[in-house]
Every structure is written in C-alpha cells, then in structure tokens.
Amino acid sequence: MLTLMSAHSNAPAPFAGVNATWNYTLGSIVALYVLLDLLIISDLLSRFADTRSKTMLVLVLLSVAAAATRIRYCWFLRSDSGSGLPHIGWTIALFAPAVISWATAFVVSEGAFFAAVQLWFSGVLFALVASKRLRWWIIFASLALMLVPLVLSGWFGEARGETERSAATVLIAVYSAALPLMLISSLWFWRVVARLDEARHLAAELAVTQERLRFAADLHDIQGHHLQVIALKAELVERTLAMKPEYAAGQAGEIRLIAKEAMEETRTLVSGLRDVELRNELENASEVLTLSGAACTLEIAAMPSSLEARRTLAFVVREATTNILRHSEATRASIVLAAVRGGVTLTVTNNGVGEAAALHARPAGSGVAGLRARLAEVGGTLATELGEQDEAGAATFTLTVWVPESVGDGEGGAQ
C-alpha cells in the first residue's frame, strides 16, 4: 500500500482558522480592556460609597460609557491599519466620555488618575485603527495629555501617595504602560496569520491556473497541428484545382478527414476521456486540496488494469476535488483507492460541508449528478453519505465510487 501524507493533520481551514485566530485576538483585547475598566469602576464605586461625592458618581458613569464604546470600537481593529477609519460618529463616541473624564481630572481631589487614564485607553485604541504613519504620534500625544492634569494637580507628589496610589492604581498603571505593545503585538500576530492565509489562497489559485495552462497547451497542440495541415492542403487544392482536379478532390477529402479527426480529439480532450495517468490525477488532487488548506491523506492500495476504468476514475477524482473546493471549507480530506468485489473502489471524504441540500442541487453534467450519469455508462456505482453536523454546522461528506475491473478492453496495463 502506498500512503502519501500531503499535510499535517492539524492544518487550519482557509476561513475557519483565520476567523478563529481573529476571535481569539479580539477576545484577548476586549478581555484586557474589560479587566482594566472593572478595576477602575470598582475602585471609583468604593470611593463613592465612602464620600457620596457627586463628582465621583459622574466619574463612575463616564468610565462605564467610555468602557462600552471602547469594547464596541475593538471590532474595527480587524481592518488593516491605514485602510480607512470607521465612521466619524464612532470616533466621537469613543473620545467623548474619555475627554470629559480627562477634563474632570483637573478639578477632582481624588481619583484623578482614573479620570485621566480614560483618554489614554481610548487614544491607544484609536491609534491602532489610524494610519501606521500616525500611530506612535497619537500614542505619545495621548500619553502627554494624560499626564498634564496629573502633574498640575500634584498627583505624583508624596502628599497624595497614601490616598491615591492604591493596589488597583499601581496595577492599572503597569498594564497601561504596557498596553500599546500588548495590543500591537496581538494585532501583528493576527495580520501574519491573515497574510499566510492569503498566500495559501494564491497557491491554490496558482495550481488551478497551471491546470488551465496545461489544458490550453494540449488544446493548442491538437488544434494548431491540424489547422496548419488543413491550411497547407487547402492552399494545395487551390493551386491544383484547375490543372489536376482529381488530385485536388483527393486533397479536399483529406481536409475533411483531418477536420473530423481534430473535432474528435478536441471532444475527447474536453470530456476528459484522453489517456491519463490515474496516479498523477490522484497526486495532483491531493496537492491541490493541501494548497487550499485541507490536510489531505492519499492511500493507493490498488490500481485498475483497465484503461477505461482508469479514465473514469480520473474524471471522478477531478470532479470530486472541484466540488470540495467549491462547496466546502474542508480542513481534512482523504482519498482512498482499493480493490473491492471484482473492481476498484474510490472513496473521497471531506469535512466542512455547510449545506447538505446544495450537494444535490447542482445541475446534471457536474457535481454528484454528473458523476452518477458518467459511471452508469461503464457499469459503475456511486454512493454518497452525509455525516452529522458539528457545533459549527458543518458536516462530513463521503463519496464512494465503484467501477468494474472489466470495463473496456483492459489495455494499457497498470500504471
């Protein structure tokens, strides 16, 4: 038995893997902001409970509003930096409560740090959405503005050390200092994953393009040769028609035969009935599926000796591969060729199938219906099985094809 492992079994899907990475990145950023905001709000609530100060209550409400708008604004981070800012209304909503909170830091007797840091949090988040050229300028400007009321109010002085520098304050100050690097590194990792996914899509498209070029070259070889011969013989007919009409008539007959031969060869090429190497088709299918992001396993336990059986199975392999690429987001696939019941069985399995109905809705001549009609011509059978859907709503699809060993004349030998 020949076993070819085309990719690691944990290769991510083209879409699901990238979306999962983004969800993790977004979740970590939101969780960080939520943690910092909860610490601030809980500390301010504690101060309000002790003092019953209206100013402290205003700071609590402003902190809640700023936290809510920041969490919503995090969703805009998925757009690449510099690709365009969100609607101006979202940016105003992001900064409005933060700026008002920052302004109160000039007048409050306590909680000045918590009031001023709101502008820093919102400024860092905005910098990540803005152009990369302006990113660090925005970050440094936000830092400078945050420090202004703290310096003017003497927050860094020893006299306010015991009342203002609580454990929560120190913790928030440490995480606030590291906030830009933490967010930038998270988004950098996400964009690396996105670029890798784009490269994988390009590789899959390149494989399809190469197959089209191969087909175009084959078509050129067939049509180019015959058309050149037809042109030469037609010119010969023109020159000899008056002097040697019988000879010209013979050449005209040859032109008709050559044209008929060209049509037959073209029809054979288009329908996929030319003499192909089944093993190459299997390996090409495995490679294309791997490039598309599916971990594909290829197992060849038997090879039919019948030329017609190999031709039919090669067509099935190409059609099944096309259906996987078009109608699923497969992360795993397997292709197994084995000898069963006086014939050969081809089993193609893939996951990531979204809508079961779509598998049976394609017109005849393509998809499962086209395969079934093609196999009926050679006495073969086709069976499909749709597995249970997972939590994401995707199912496993299995295509099983059997062709008899006695198809055709058995020419060609095993490949």
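Take the sequence shown: its letters are residues 59 to 473, numbered as in the working numbering. For each residue, glycine too, the CB sits at the ideal point set by N, CA and C.
Taking Ser-234 as reference, the option from Val-182, Glu-377 and Ser-363 with the minimal CA-CA separation is Val-182. With a cutoff of 9 Å on beta-carbon distance, Leu-356 and Leu-340 are scored as near each other. Taking 9 Å as the cut-off, the beta carbon of Tyr-82 is found no closer than this to the beta carbon of Ala-125. Closest in C-alpha terms to Leu-290, from the list Leu-383, Leu-96, Arg-258 and Gln-309, comes Gln-309. Rounded to whole angstroms, the separation of the alpha carbons of Gly-401 and Glu-293 is 52 Å. As computed with DSSP, Gly-401 is found in a beta bridge with Val-398 and Pro-462. Fewer than three Cβ pairs drawn from the stretch 144–153 and the stretch 189–208 lie within less than 8 Å of each other, which leaves the two stretches out of contact.
Rounded to whole angstroms, Trp-248 and Thr-403 show a C-alpha spacing of 43 Å. For Thr-355, the uninterrupted beta strand (DSSP E) segment begins and ends at 353–358. Proximity of the stretch 107–119 to the stretch 157–175 meets the contact definition, three or more beta-carbon pairs being nearer than 8 Å.
With a 10 Å radius around the Cβ and a threshold of 16 neighbouring Cβ atoms, His-385 comes out buried. Inter-residue distance for Thr-458 and Ala-434 is about 14 Å (C-alpha atoms, whole angstroms). Runs of alpha helix (DSSP H) with 4 or more residues, each lying fully within the stretch 298–331, are found at 303–328, listed in chain order.
DSSP places Ser-392 within a strand segment (E or B) once states are collapsed to three. Here the alpha carbon of Trp-213 sits roughly 19 Å from the alpha carbon of Phe-179. DSSP places Glu-443 in the strand class (E or B) of the three-state scheme.
Between Gly-445 and Phe-455, the alpha-carbon positions lie close to 6 Å from each other.
Phe-153 is classed as buried because its beta carbon has at least 16 other beta carbons within 10 Å across all chains shown.
Between Leu-94 and Leu-245 a beta carbon distance of about 18 Å is seen, past the 8 Å cut, so the two are scored as non-contacting. Closest in C-alpha terms to Leu-395, from the list Ala-360, Thr-380, Arg-376 and Ala-307, comes Ala-360.
Between the alpha carbons of Pro-155 and Tyr-131 lies a distance of about 14 Å. The beta carbon of Ala-317 sits closer than 8 Å to the beta carbons of His-284 and Ile-288 from its chain, once the five residues preceding and following it are set aside; these are given in chain order. The C-beta distance from Glu-312 to Ile-280 rounds to 17 Å, too long to fall under 8 Å, and the pair is not in contact. Rounded to the nearest angstrom, the gap between the Cα atoms of Ala-397 and Pro-362 is 8 Å. Boundaries of the alpha helix (DSSP H) harbouring Leu-152: 146–162, taken from the DSSP string. If one requires a minimum length of 4 residues, the alpha helix (DSSP H) runs lying completely within the stretch 167–225 are 170–187, 190–210 and 219–222, in chain order. Per DSSP, the beta-bridge partners of Ser-386 are Val-411.
Boundaries of the alpha helix (DSSP H) around Ser-121: 112–131. By the neighbour-count definition (other C-beta atoms within 10 Å, threshold 16), Ala-388 is a buried residue.
Taking Val-461 as reference, the option from Val-228, Thr-127, Arg-314 and Gly-438 with the minimal CA-CA separation is Gly-438. The bridge partners DSSP lists for Leu-457 are Val-406 and Thr-442. Here the alpha carbons of Leu-208 and Arg-191 stand approximately 28 Å from one another.
Taking C-alpha positions only, Ala-261 is separated from Ser-350 by approximately 8 Å. With at least 16 other beta carbons inside 10 angstroms of its own, Phe-184 counts as buried.
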